[in-house]
Amino acid sequence: MREEVVVVVGGWEHDCCGPAYERETTAAFSAYGRTPRFAESRHHDDPFGITEFRGRVADLFVIAEDGTRIPVHRVPSGRALGGSDPDDDGHLEAPWTGERIEVESATFEIVVDVHVPGSGSGKRQ
Numbered sequence: 154m155r156e157e158v159v160v161v162v163g164g165w166e167h168d169c170c171g172p173a174y175e176r177e178t179t180a181a182f183s184a185y186g187r188t189p190r191f192a193e194s195r196h197h198d199d200p201f202g203i204t205e206f207r208g209r210v211a212d213l214f215v216i217a218e219d220g221t222r223i224p225v226h227r228v229p230s231g232r233a234l235g236g237s238d239p240d241d242d243g244h245l246e247a248p249w250t251g252e253r254i255e256v257e258s259a260t261f262e263i264v265v266d267v268h269v270p271g272s273g274s275g276k277r278q
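The numbers in the numbering used here rise by one with no breaks, and the one at position 36 of the sequence shown is 189.
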């Protein structure tokens, strides 16, 4: 069985050392919160409440200041967003057109399709 969860990514956690995320790829997450909504956690001192999981990135959104969810093709790494990645300028693109998106925000929602352990063999039929 599969379950969709949302991971909120941004702020200093992502700026410091967060990776890039792209649609239709597999990614690993370390996060806190409760299903179905989590927040990225890369610098936790206490593992209590931290969940680690992997899944397929199904959808990506940048969250505008007014709360509007704008679809994006990928979330740049924290280094790219901060302008310190020589190979990535950190720009945002629309998922189907590649059109550049200009928005003043570094908060993202990543929709992840996660396999729920114990819900089946996970083998293809």
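Ideal placement from N, C-alpha and C gives every residue a C-beta, glycine not left out.
CA-to-CA distance, residue j to residue i, given in whole angstroms
i: G236; j: G243; result: 7 Å
i: V256; j: F201; result: 35 Å
i: H196; j: G164; result: 12 Å
i: R232; j: T221; result: 24 Å
i: S194; j: E166; result: 7 Å
i: I203; j: E246; result: 31 Å
i: E218; j: R227; result: 19 Å
i: Y185; j: C169; result: 17 Å
Cβ separation of residue i and residue j, assumed to be a contact under 8 Å, to the nearest whole Å
i: P224; j: A173; result: Wrong, their Cβ atoms sit about 16 Å apart, outside the cutoff.
i: I216; j: T260; result: 4 Å
i: V264; j: V159; result: 6 Å
Buried versus exposed, by CB contacts within 10 Å (16 or more), residue i
i: E205; result: exposed
i: A181; result: exposed
i: R187; result: exposed
Distance CB(residue i)-CB(residue j) smaller than 8 Å
i: V210; j: E175; result: yes
i: D266; j: G171; result: no
i: E262; j: F214; result: yes
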